[in-house]
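Here the structure is laid out as structure tokens; the discussion comes afterwards.
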Amino acid sequence: MNPTSARSANLLVLCLLAQQFLSLLDLVGGFQHINPDFSIRNTRHHLHGSGLHAFKVSVDELEKDLTPSERSITGVVRRCGPSVTYVKSVLPSSPTNGARNFQRRTRNGPRRRRSNQNESPSNNGLPRGTDLGSGSGFIVAPGYICTNFHVIEQAYSIRKNLELAEHTFDEVVGNLTGGFLSHDLLNITKSVVFQGALDKDSLPDVYVRISSSSQYKKCRVVDVNTDIDLAVLRIIDDISEPSKDEEEKSPPSDTTAGVDFIPFGSSMDLLVGQTVVAIGNPFGLQSTVTSGVVSAVNREFRAGTARTPANTPIRNVIQTDAAINPGNSGGPLLNLKGEVVGINTAIITTSGSSAGIGFAVPADQIKPVVKEIIQKDRIQKGQRPNQGWLGLSVVRQDVSIAGNQNATSSNTMPLALLKNWVAKVEMDSPASDAGIRSLAISSEGIVQYGDAIVAVGGNEVTNFEELHRELESRVVGEQVALTVQDAEGKRRVVYVTLSRKPEKLGL
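Counting with mature numbering (1 follows the signal peptide of the UniProt record, and there is no 0), you get residues -30 to -1, 1 to 477 for the letters of the sequence shown.
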């Protein structure tokens, strides 16, 4: 067969594959819309409303006439209000929007929220397009924002389903063609099948508006945790990475510069009857403040989304009578110290608006998850150049070196009795300078045990994950007390001053 005939045959096969693949789209899940329980409605809001910049008004002259309780609430509002954001997801509109066309070809696609004439304006940084839902959020670290997962679920799910569909397509075509398909021909076929759905400009995006600004800024979804209805966003507009000279001075500048983040408090200490404040964007009215009390603690409710089944409960939830309405989802529930004690998530209602029964996911569940998500993102994006380096590697699994037919132990202590045995110490590293000893195998094949790390800064570590968590937040120049134990069971404390990691070696 000549090359021209072979190419024609390939194109015919690919056209048939494309038709077959379209029928496979249902297998990757399609797009599902939220179908919450009848009586419990997620407080996501779909209407567009103008922001109310209530926090620009000075109340210094008025506070002298307020009661102590009122002064406490207004103080919380002034400190925390500017850090509360309006969160909105948009599917851009265009004559050939591939994601929109792809959505229409799948079952259970998100319902169109508005008509063409009411599509989002574009003079405030927000593209024209279909509103996929909106809600509230708040700044938890420079550039990072917390909100509910269900607030951004539509945009997130469309992107994830397209990624899954593309991956499935590549696998199907690869298997059916035996991999003998040129890269260019594969891309041509993919563009025909997906009709531009994979184009960057046609994908839905999440935008936030800080309360002190009238402009929206694009975000990326850093990560989500559907079990606690959490999403962490990162503002990607106007972010500048620090230079080497600046990396030890301050965090990178971004669109949240000059706006404080709101700290997390403890939800464990909440008392029934304690005053709490909710700030959010009900019905699109930005920076709306309501107050009430903690009505109950340790509640459990079921509020399903497309990715979280309706029978999956969220436990230890805070119940409050502070008015929470559609659009409050993702906003903070605050104590009078100005600390986040919960994230407003759902209401019980028969009318669609507040009936005085609202729920917030407790801060004690949110805080560790948010911290881990942000730390991982900073490391992956190279935004932690000041992270300290110890300079060693440890045995991560319960494997026995004595299991090696050519190695025998120099004593009777089994390797798995202790975790975090030091496997290697880098030369000229902080660990080497501190005299930490690693495992070794002698020329006679005898295992010579060194040290195992059993505590960091007095905190016991029993496995690699705990050791990594203790060390990952340490910075260059920080002195760390390591408790190590040798094969004879003798412990000692060594003090290590962390340095800058020269390359990807060990911890």
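Glycine included, every Cβ here is placed at the ideal spot set by N, Cα and C.
> Where do the ends of the alpha helix (DSSP H) carrying residue 401 lie?
Replying inline: Walking along the sequence shown from the start, residue 401 turns up at place 431. That run of the alpha helix (DSSP H) goes 400 to 403.
> Hey, residue 444 and residue 347: beta-carbon distance below 8 Å or not?
Replying inline: Along the sequence shown, read from residue 1 onward, the residue named residue 444 stands at position 474. Along the sequence shown, read from residue 1 onward, the residue named residue 347 stands at position 377. Result no, Cβ atoms of residue 444 and residue 347 do not sit closer than 8 Å.
> So the alpha helix (DSSP H) residue 187 belongs to, where does it begin and stop?
Replying inline: As a position in the sequence shown, residue 187 is number 217, starting the count at 1. That residue, residue 187, is in no alpha helix (DSSP H); its beta strand (DSSP E) goes 187 to 195.
> Shortest alpha-carbon distance to residue 181 belongs to which of 343, 119, 345, 109?
Replying inline: Counting from one through the sequence shown, the residue named residue 181 turns up at place 211. Looking at the Cα atoms, 109 is the closest of the given residues.
> Using a beta-carbon distance below 8 Å, is residue 356 in contact with chain B?
Replying inline: Within the model displayed, chain B is absent; a lone protein chain is all it includes.
>> Is it the case that the region 397 to 408 contacts the region 308 to 321, given that we only count it when at least three CB pairs across the two stretches are under 8 Å?
In response: With fewer than three CB-CB distances shorter than 8 Å, the region 308 to 321 does not count as touching the region 397 to 408.
>> Please report the straight-line C-alpha distance between residue 176 and residue 97, rounded to a whole angstrom.
In response: To locate residue 176, count along the sequence shown from 1; it is residue 206. To locate residue 97, count along the sequence shown from 1; it is residue 127. Their Cα atoms are separated by approximately 11 Å.
> What is the residue span of the beta strand (DSSP E) that residue 102 lies within?
Replying inline: Within the sequence shown, residue 102 is the residue found at index 132, counting from 1. Its beta strand (DSSP E) spans residues 99 to 111.
>> Here's the rule: buried if 16 or more other CB atoms are within 10 angstroms of the residue's CB, otherwise exposed. What is residue 435?
In response: Reading the sequence shown from its first residue, position 465 is the one you call residue 435. Answer is exposed; the Cβ neighbour count stays below 16.
> With distances taken from CA atoms, which of 428, 248, 105 is nearest residue 264?
Replying inline: On the sequence shown, position 294 is the one that residue 264 refers to. If we check each option's Cα against that of residue 264, 248 comes out closest.
>> Using C-beta distances below 7 Å, list every residue in its chain close to residue -16, excluding the 5 sequence neighbours before and after it, in chain order.
In response: On the sequence shown, residue -16 is found 15 positions in, with the first residue counted as 1. Any answer about residue -16 is weak, because its pLDDT of 49 lies below 50 and its placement is not dependable; what the coordinates show is given next. So the list is empty, once near-sequence residues are dropped.
> Any idea if residue 432 is buried or exposed, counting beta-carbon neighbours within 10 angstroms, 16 or more meaning buried?
Replying inline: Along the sequence shown, one-based indexing puts residue 432 at 462. Looking at its Cβ environment, which holds fewer than 16 other Cβ atoms inside 10 Å, residue 432 is exposed.
> What's the C-alpha gap between residue 186 and residue 299?
Replying inline: Translated into the one-based positions of the sequence shown, residue 186 becomes position 216. Translated into the one-based positions of the sequence shown, residue 299 becomes position 329. Cα to Cα, residue 186 sits roughly 18 Å from residue 299.
> Does the distance from the CB of residue 230 to the CB of residue 53 come in under 8 Å?
Replying inline: Taking the sequence shown and counting its residues from 1, the one referred to as residue 230 is at position 260. Taking the sequence shown and counting its residues from 1, the one referred to as residue 53 is at position 83. The answer is yes: Cβ separation under 8 Å.
> Ends of the alpha helix (DSSP H) at residue 532?
Replying inline: Absent from the structure is residue 532, since the part of the chain shown begins at -30 and ends at 477.
> For residue 389, which three-state DSSP category applies?
Replying inline: Here residue 389 is taken as the residue at index 419 of the sequence shown, counted from 1. Note: residue 389 maps to coil in three-state DSSP.
>> Considering just the uninterrupted stretch of the beta strand (DSSP E) at residue 62, what are its terminal residues?
In response: The count along the sequence shown starts at 1 and reaches residue 62 at position 92. That run of the beta strand (DSSP E) goes 54 to 62.
> Which word fits residue 399, buried or exposed, when buried means at least 16 other C-beta atoms lie within 10 angstroms of its C-beta?
Replying inline: What you label residue 399 is simply residue 429 of the sequence shown in a count that begins at 1. With 16 or more other Cβ atoms within 10 Å, it is buried.
>> Looking only at its chain, what residues have a beta carbon closer than 6 Å to the beta carbon of residue 337, apart from the 5 residues adjacent to it on each side?
In response: The residue given as residue 337 occupies position 367 in the sequence shown. Cβ within range, chain order: 234.
> Just the Cα atoms here: how many angstroms apart are residue 342 and residue 35?
Replying inline: In the sequence shown, the residue the question calls residue 342 occupies position 372. In the sequence shown, the residue the question calls residue 35 occupies position 65. Here the alpha carbons of residue 35 and residue 342 stand approximately 44 Å from one another.
>> Among 102, 124, 39, whose alpha-carbon lies nearest the alpha-carbon of residue 194?
In response: Residue numbering aside, residue 194 sits at position 224 when the sequence shown is read from its first letter. Minimum Cα-Cα distance from residue 194 among the listed residues 102, 124, 39 corresponds to 124.
>> Just to confirm before moving on: does the CB-CB distance between residue 104 and residue 57 stay below 8 Å?
In response: Against the sequence shown, residue 104 aligns to sequence position 134. Against the sequence shown, residue 57 aligns to sequence position 87. Yes, the Cβ-Cβ distance between residue 104 and residue 57 is below 8 Å.
> Whole-angstrom Cβ separation of residue 340 and residue 116, contact assumed at under 8 Å?
Replying inline: As a working note, residue 340 is residue 370 in the sequence shown. As a working note, residue 116 is residue 146 in the sequence shown. The pair is a contact, with the Cβ atoms about 6 Å apart (cut-off 8 Å).
>> Taking 7 Å as the limit between beta carbons, can you name the residues of its chain near residue 402, skipping five residues before and five after?
In response: In the sequence shown, counting from the first residue as 1, residue 402 sits at position 432. Counting only Cβ-Cβ distances below 7 Å, and skipping sequence neighbours, we find 361, 395, 396.
> From residue 462 to residue 471, what does the alpha carbon distance come to, in whole angstroms?
Replying inline: Stepping through the sequence shown from its first residue, residue 462 is reached at position 492. Stepping through the sequence shown from its first residue, residue 471 is reached at position 501. Residue 462 and residue 471: Cα-Cα distance of roughly 25 Å.
> Any idea which residues DSSP pairs residue 484 with across the strands?
Replying inline: The displayed coordinates of the chain run from -30 to 477. Any statement about residue 484 would go beyond what the structure contains.
>> Rounded to whole angstroms, what is the Cα-Cα separation between residue 447 and residue 61?
In response: Reading the sequence shown from its first residue, position 477 is the one you call residue 447. Reading the sequence shown from its first residue, position 91 is the one you call residue 61. If you take the alpha carbons of residue 447 and residue 61, they lie about 47 Å apart.
>> Given a cut-off of 8 Å on the beta-carbon distance, is the pair residue 287 and residue 329 in contact?
In response: The sequence position of residue 287 within the sequence shown is 317, counting from 1. The sequence position of residue 329 within the sequence shown is 359, counting from 1. Going by C-beta atoms, residue 287 is nearer than 8 Å to residue 329.
> Is the beta carbon of residue 315 sitting closer than 8 Å to the one on residue 197?
Replying inline: Start at 1 with the first residue of the sequence shown, and residue 315 comes out as number 345. Start at 1 with the first residue of the sequence shown, and residue 197 comes out as number 227. Against a cut-off of 8 Å, the Cβ pair of residue 197 and residue 315 comes out as no contact.
>> For a test of the three-state rule: what should DSSP assign to residue 466, helix, strand or coil?
In response: Working through the sequence shown from its first residue, we reach residue 466 at position 496. It is a strand residue.
>> Using only the alpha-carbon positions, how far apart do residue 356 and residue 335 sit?
In response: For the purposes of this step, residue 356 is taken as residue 386 along the sequence shown, with counting starting at 1. For the purposes of this step, residue 335 is taken as residue 365 along the sequence shown, with counting starting at 1. Distance between the alpha carbons of residue 356 and residue 335: 28 Å.
>> Taking only three categories from DSSP, how would you classify residue 413?
In response: Walking along the sequence shown from the start, residue 413 turns up at place 443. Looking at residue 413 - three-state DSSP - the assignment turns out to be coil, as it is neither helix nor strand.
> Considering only residues of the same chain and omitting the five flanking positions on each side of residue 292, which have a CB-CB separation below 8 Å?
Replying inline: Counted from its first residue, the sequence shown places residue 292 at position 322. If we look at residue 292 and ignore the five residues flanking it on each side, its Cβ neighbours are 246, 247, 248, 260, 261, 262, 263, 303, 328.
> To which residues does DSSP link residue 283 through a beta bridge?
Replying inline: Taking the first residue of the sequence shown as position 1, residue 283 is located at position 313. Residue 283 pairs with 272.
> How far does the alpha helix (DSSP H) with residue 328 in it reach, from first residue to last?
Replying inline: Counting from one through the sequence shown, the residue named residue 328 turns up at place 358. Per DSSP, residue 328 belongs to no alpha helix (DSSP H); it is in the beta strand (DSSP E), 328 to 332.
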